[in-house]
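Q: Residue numbers (the working numbering), protein chains in the order written: chain P, 2 to 134; chain U, 7 to 562; chain V, 124 to 442.
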Amino acid sequence: MSSSKKIRVLVAKPGLDGHDRGAKIVARALRDAGMEVIYTGLRQTPEMVVRAALDEGVHCIGLSILSGAHNALFPRIMELLKAEGVDDILVVGGGIIPEDDIPDLKKAGISEIFGPGTTLQEIVEYIQANVKL
Amino acid sequence: MDEKVTLPDAVKDWEDTEVKSTVARFPERQEHFKTVSGVPINRLYTPLDVEDVDYQRDLGFPGMYPFTRGVQPTGYRGRLWTMRQYSGFATASETNERFRFLLEQGQTGLSVAFDLPTQIGYDSDHELARGEVGKVGVAIDTLQDMELLFNGIPLDKVSTSMTINAPAAVLLAMYIAVGEKQGVSMDKLRGTIQNDILKEYAARGTYIFPPTPSMRLITDIFRFCSEKMPLFNTISISGYHIREAGSTAIQEVAFTLANGIAYVTSAIEVGLDVDSFASRLSFFFGSASEFFEEIAKFRAARRIWARIMRERFKANDDRSCMMRFHTQTAGYTLTAQQPDNNIVRVTLQALQAVLGGTQSLHTNSRDEALSLPTEQSVQIALRTQQIIAHETAVTDTLDPIAGSYFVESLTHNIEKKSLEYIEKIDAMGGATVAIENGFIQREIHNSAYDYQTSVDKKDRVVVGMNEYVVNEAQQFDYLRVNPQAEQEQIQRLKEVRSRRKDDEVKSALVALGNAAKGDTNLMPLILDAVRVYATLGEICSVLRDVFGEYKAPDIL
Amino acid sequence: MSVTELVDGVLSGNRRYLARLISLIENEDRLAQDALIQLYKHTGKAYVIGVTGPPGSGKSSLVTKLTAEFRKRSKTIGVVCVDPSSPFTGGALLGDRIRMQEHSLDDEVFVRSMGTRGHLGGLSRAASDTVRVIDAFGKDIIFVETVGTGQSEVEVIEIAHTVIVTDVPGSGDDIQAIKAGIMEIAAIFVVNKSDYPGADKKVAEINTMLDLDPRERAWRPPVLLTNSRTGDGIAELADKLQEHLKYLKDSGMLEQKGLQRSREELQSIMKYKLTQELSQKLQGKPEYEKAIRMIAARKKDPYTVAEQLIAEFLFSEIR
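And the structure:
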């Protein structure tokens, strides 16, 4: 493996929610942990998220939703990835996500959900430990 | 000893003897103490710390310039603040039920939360609305939804606050049209539209058009209301979202007032007389978890704004200098862990707002770090306000915390530091430029990052989250938005579209598009369009075609 | 994944393979070179446009608008955005996509963000190989966007046929921060945000600067005003770009540039290979470590030792 190999992460805000405080902080923490972070900005459709992830060759997608639209949008993103034959991208999510929703999201293929109170270090370590480089 | 020791000497003496010996034996908890805004906190405040403060010049009297001690001469002895819980979810009829519940519980004003498609000007059947319909607020597509929302609520009896910005003109027009149907003319309508686009670019993200046409829509509203709706607040210049996005208290004040300056400037530029609209400007702040700095923040904000209006904009009318504001307890301080603890946080934050002299207040519910609040949680939140109002007696005298050496010193400091920021923003060319070049967003983001880092490192203790943690399962029910709401809403929209007169809609939209290209006031044309049941999405789409869409700068 | 699969995938227009190959290039994977060997004959068709300028001068917005304009003219587009990596952590925040959203679902547009990293072969190697595979993939026009402040970025921008330097009104002397090397190869200057006060003044400043240049040139760089919000001036800029390409072709400059590029590239690859070869051979050799200690102790000099080591480890086989 070459020394210049880097974890690449797409940090995306699907849906219409404009609260990007968390997404931006996480993006910065991942950068500081030595990763290459592609930030999409607000208002991404699931199609846009998947296209960006594939074109950018990322190892991980971090999704943030605070509006409650996660049950509609997260599984849709997983479906699109599956349709593209992708099974080596780690997908994690965060935001205002009730515990009851988590099992179904995981069943859809989201690896981990980081709720309020998660430290940046926990997120960094989880990604480092679980991405397939 | 007969000779009188001077105060500076006495203070020094106390530090050198009493303090020194105690600290030597029992070190203090931290070497340095500072507020969230980074202002150092001294061990003790004395008259020495307020030597720069002149009572009559800087504090004065309630109801009198510079309004540091409040905008009403009798404060809460006359009338309590308006207890106004922000609410709205799913469909208009479901939200209408919640409104009626809140009014029955003694709430005195309504505050409408709209869903994201509504806030961004998309109809519920738009591709981007998928999964978002009715989620963070009520979905409004046409006048019919607005009629359902206020069904059985007489608009001449309530004041209604609407958190709506980019399409504020459209929702205001719908509110006017509902009033007309109830037989209430627009000059009798009371309430507020948020209508603060600059903080959307800076912090909240529900923008549509670029700054220039957005400012035009705002000044169109100012002019329209100054002529026809004397009781309506035309804007709520909001620091709340700036704070929620991560700013400090000082940044919250500075950026909010810088935005305020930008609005007043553009209104004056289009030929409005400052005293014709300034008294209808209102403000909105957060109340976060830092007791004294927050109280000082409210007092400082009032004083700075008064001085800006008088000195910079030459307002003659005292009412133009009067900052009236709504407060919401800070959502970002709520924890998902041990959610009942949030009741205590909210209580303290609400008390700060009351001691700071707020005109109206929203108290967050304990479960809002997890979902929209349940009816029971909202009730506790409202009761919190009622307990402060009726059981603590803090309401019986005005500005009771004035004169505290600490609070006056903080107030003075916040004013000074905010003005430094405002000067910097002025030098860039004003708030619009400072937002377009990303300065304000970067400042907010850096503070947010520092805050998160201090929580992660436990430099800042958040009870139940990074200390005093227990193993727990989420133990109570939270509100689930009716999953059928999206489909029901889309169905109703289709019905409205099929029933209305298409030629009327078309001609109203064409007229609006043509007017948007020129410089006539758009409010009457939008009103014409909503009356014939043009949808919010159709109206915004016509304006998008003329105005274009805003693209955020990359600030990371 | 085999080389054949990768090459066939890229040539058949499958963007997944293109993305994969770029990752391999970025990781300096041996597979990437094998693929590039096979793809080389399919390259050299795209028109490569470099866009550089100080931060905040609207590069991404300009590329977005130009993309829209060239899509109207039925051109397919590739975009490579280069942003600096942190020298301390190696991480990077790549935010240029934010502005490219309106093209994010257009099949004829491919956008890739790159960090400058600490590429062994130099950033220009990875970036130019990336441009090359997008070329082989079949995009007509490829934009390379970078902040033109570092030496490695000058090298990146040199792979472009046409270089646009952007600036905005009221930015003081920001353009001074652009490396002289870039100013010299700039073909078009663009003053973005034409509706801002001071736009005309900025144009005049740049024109004055260009008039002071004593070199005789057949192509005198034009200074254009654009507005990425309203789209004003974008069509004119696109025309000017096509005009410049025509000028390059007609004047023989294109051919000359091609030769020059090939020469530089060959030299740089040879240099890279030699360095790599040498460092692999020397890695962990006791006499190498010993020689270093001797030099530090002033018992030997580095000049002689370098010649000896090269002769012994590199040229022994060649001889």
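Glycine included, each C-beta is placed from N, C-alpha and C at the ideal position.
Ordered along the chain, which non-local residues of its own chain (more than five positions away) have a Cβ less than 8 angstroms from that of U:Arg90?
A: In the second sequence, counting from the first residue as 1, residue 90 of chain U sits at position 84. Excluding sequence neighbours, U:Arg90 sits near Gln113, Thr114, Gly115, Leu116, Ser117, Ser167, His332, Ser366, Leu367 and His368.
Q: Specify the secondary structure class of U:Phe120 as computed by DSSP and reduced to three states.
A: Against the second sequence, residue 120 of chain U aligns to sequence position 114. Here U:Phe120 sits in strand by DSSP.
Q: Output needed in chain order: residues of the segment 351-380 of chain V with a Cβ under 8 angstroms from some Cβ in chain U.
A: Of all residues in the segment 351-380 of chain V, Arg352 and Thr353 have a Cβ within less than 8 angstroms of some Cβ in chain U.
Q: Could you pull out every residue in the same chain whose Cβ sits closer than 7 angstroms to the Cβ of P:Lys6, ignoring the five residues on either side in sequence?
A: Taking the first residue of the first sequence as position 1, residue 6 of chain P is located at position 5. Cβ neighbours of P:Lys6 beyond the five flanking positions: Leu134.
Q: Put U:Val259 into one of helix, strand or coil per three-state DSSP.
A: The residue labelled residue 259 of chain U in the question sits at position 253 within the second sequence. Helix, per DSSP.
Q: I need the DSSP call for U:Asn265, collapsed to helix, strand or coil.
A: Here the question's residue 265 of chain U lines up with position 259 in the second sequence. In this structure, U:Asn265 counts as helix in the three-state DSSP scheme.
Q: Report yes or no: is there a C-beta of chain U within less than 8 angstroms of the C-beta of P:Gln129?
A: Counting from one through the first sequence, the residue named residue 129 of chain P turns up at place 128. No, its Cβ sits nowhere closer than 8 angstroms to a Cβ of chain U.
Q: Run through the DSSP bridge pairs and tell me what P:Cys61 is partnered with.
A: In the first sequence, residue 61 of chain P corresponds to position 60, counting from 1. Note: P:Cys61 sits in a beta bridge opposite P:Val10 and P:Leu91.
Q: Just curious, the beta strand (DSSP E) that V:Leu216 is in, first and last residue?
A: As a working mapping, residue 216 of chain V is identified with position 93 in the third sequence. Ala215 to Leu217 is the extent of the beta strand (DSSP E) around V:Leu216.
Q: Where does the unbroken beta strand (DSSP E) through U:Asp551 begin, and where does it stop?
A: The sequence position of residue 551 of chain U within the second sequence is 545, counting from 1. That residue, U:Asp551, is in no beta strand (DSSP E); its alpha helix (DSSP H) goes Leu542 to Phe553.
Q: Using CA atoms only, rank isn't needed, just tell me which of V:Met237, V:Ile418 and V:Gly304 is closest to V:Ile145.
A: In the third sequence, counting from the first residue as 1, residue 145 of chain V sits at position 22. Cα-wise, what sits closest to V:Ile145 is V:Met237.
Q: The alpha helix (DSSP H) spanning U:Met529 covers which residue range?
A: The count along the second sequence starts at 1 and reaches residue 529 of chain U at position 523. Note, U:Met529: alpha helix (DSSP H), Met529 to Arg537.
Q: Of all the residues that make up the segment 549-562 of chain U, which are near chain B by a beta-carbon distance shorter than 7 angstroms?
A: In summary, chain B is missing from the structure at hand, where the protein chains are P, U and V.
Q: At 7 angstroms on the CB atoms, spell out the chain U contacts of P:Ile124, in chain order.
A: Taking the first residue of the first sequence as 1, we reach residue 124 of chain P at position 123. Simply none; closest approach about 10 angstroms.
Q: Rounded to whole angstroms, what is the Cα-Cα separation between P:Ser4 and U:Gly143?
A: Taking the first residue of the first sequence as 1, we reach residue 4 of chain P at position 3. Taking the first residue of the second sequence as 1, we reach residue 143 of chain U at position 137. With a pLDDT of 49 at P:Ser4, under the threshold of 50, the predicted position of this residue should be treated as unreliable, and no value is reported.
Q: Quick one: is U:Pro216 near chain V, going by C-beta distance under 8 angstroms?
A: Looking up residue 216 of chain U in the second sequence gives position 210. With 8 angstroms as the cut-off, U:Pro216 counts as an interface residue toward chain V.
Q: Could you round the C-beta distance between U:Ser285 and U:Met328 to whole angstroms and report it? I think they count as a contact, below 8 angstroms.
A: On the second sequence, residue 285 of chain U is found 279 positions in, with the first residue counted as 1. On the second sequence, residue 328 of chain U is found 322 positions in, with the first residue counted as 1. At roughly 7 angstroms, the Cβ-Cβ gap stays under 8 angstroms, so U:Ser285 and U:Met328 are in contact.
Q: Under the rule that 16 or more other beta-carbon atoms within 10 Å means buried, what is U:Arg524, buried or exposed?
A: Here the question's residue 524 of chain U lines up with position 518 in the second sequence. According to the sequence displayed, residue 524 of chain U carries Gly and not Arg. When all chains shown are included, U:Gly524 counts as exposed.
Q: Would a C-beta distance cut-off of 8 angstroms place U:Asn201 and U:Thr240 closer than the cut-off?
A: Walking along the second sequence from the start, residue 201 of chain U turns up at place 195. Walking along the second sequence from the start, residue 240 of chain U turns up at place 234. It is a contact, given that the beta carbons lie within the stated cut-off.
Q: For chain P, is any of its Cβ atoms less than 8 angstroms away from the one on U:Pro123?
A: If you number the second sequence from 1, residue 123 of chain U lands on position 117. So yes, U:Pro123 belongs to the interface.
Q: Do you know how far the Cα of P:Gly96 is from the Cα of V:Lys413?
A: Taking the first residue of the third sequence as 1, we reach residue 413 of chain V at position 290. Taking the first residue of the first sequence as 1, we reach residue 96 of chain P at position 95. Looking at the two C-alpha atoms, the distance is approximately 57 angstroms.
Q: Does V:Gly407 have its Cβ less than 8 angstroms from a Cβ in chain P?
A: By 1-based counting over the third sequence, the position of residue 407 of chain V is 284. Answer no: the Cβ-Cβ gap between V:Gly407 and chain P never drops below 8 angstroms.
Q: In whole angstroms, what separates the C-alpha of U:Leu155 from that of U:Ile199?
A: Translated into the one-based positions of the second sequence, residue 155 of chain U becomes position 149. Translated into the one-based positions of the second sequence, residue 199 of chain U becomes position 193. One C-alpha to the other measures close to 16 angstroms.
Q: Run the CB neighbour count on U:Lys205, radius 10 Å, all protein chains shown included, and call it buried at 16 or more, exposed below.
A: By one-based count along the second sequence, residue 205 of chain U stands at place 199. Burial call: buried.
Q: Residues in its own chain within less than 8 angstroms of V:Leu437 by CB, not counting five upstream and five downstream?
A: If you number the third sequence from 1, residue 437 of chain V lands on position 314. Result list for V:Leu437: Leu397, Glu400, Leu401 and Lys404, in chain order.
Q: Span of the beta strand (DSSP E) holding P:Tyr40?
A: Indexing the first sequence from 1 puts residue 40 of chain P at position 39. Counting along the chain, the beta strand (DSSP E) containing P:Tyr40 begins and ends at Glu37 to Tyr40.
Q: Helix, strand or coil for U:Tyr474, going by three-state DSSP, please let me know.
A: Taking the first residue of the second sequence as 1, we reach residue 474 of chain U at position 468. Coil, per DSSP.
Q: So with Cβ pairs under 8 angstroms, would you call V:Gln224 a contact of chain P?
A: For the purposes of this step, residue 224 of chain V is identified with residue 101 of the third sequence, where counting begins at 1. Cβ-Cβ to chain P under 8 angstroms: yes for V:Gln224.
Q: Under 8 angstroms by Cβ, that's how I've got V:Glu231 and V:Ile200 pegged, so tell me the actual separation to the nearest angstrom.
A: Within the third sequence, residue 231 of chain V is the residue found at index 108, counting from 1. Within the third sequence, residue 200 of chain V is the residue found at index 77, counting from 1. Going by Cβ atoms, the distance from V:Glu231 to V:Ile200 rounds to 7 angstroms, so yes, they are a contact pair.
Q: Determine the burial state of U:Asp129: buried for a count of at least 16 other Cβ atoms within 10 Å of its Cβ, exposed for fewer.
A: Residue numbering aside, residue 129 of chain U sits at position 123 when the second sequence is read from its first letter. U:Asp129 comes out buried.
Q: Using a beta-carbon distance below 8 angstroms, is U:Thr97 in contact with chain P?
A: Position 91 of the second sequence, counting from 1, holds the residue named residue 97 of chain U. Chain P contact via Cβ: absent.
Q: At which residues does the beta strand (DSSP E) containing V:Thr127 begin and terminate?
A: Position 4 of the third sequence, counted from the start, is the residue given in the question as residue 127 of chain V. Per DSSP, V:Thr127 belongs to no beta strand (DSSP E); it is in the alpha helix (DSSP H), Val126 to Leu134.
Q: Note down the Cα distance separating V:Ala142 from P:Glu57, rounded to an integer number of angstroms.
A: By 1-based counting over the third sequence, the position of residue 142 of chain V is 19. By 1-based counting over the first sequence, the position of residue 57 of chain P is 56. Taking the straight line joining both Cα atoms gives about 6 angstroms.
Q: Touching or not, the segment 487-501 of chain U and the segment 145-154 of chain U, by the rule of three or more beta carbon pairs under 8 angstroms?
A: The segment 487-501 of chain U is in contact with the segment 145-154 of chain U.
Q: Are there three or more Cβ pairs, one per stretch, closer than 8 angstroms when the segment 114-126 of chain P is compared with the segment 14-32 of chain U?
A: Touching, no.
Q: Check the Cβ-Cβ distances between P:Leu64 and every residue of chain U, and say whether any is below 8 angstroms.
A: Walking along the first sequence from the start, residue 64 of chain P turns up at place 63. For P:Leu64, the answer is no, since every Cβ of chain U falls outside 8 angstroms of its Cβ.
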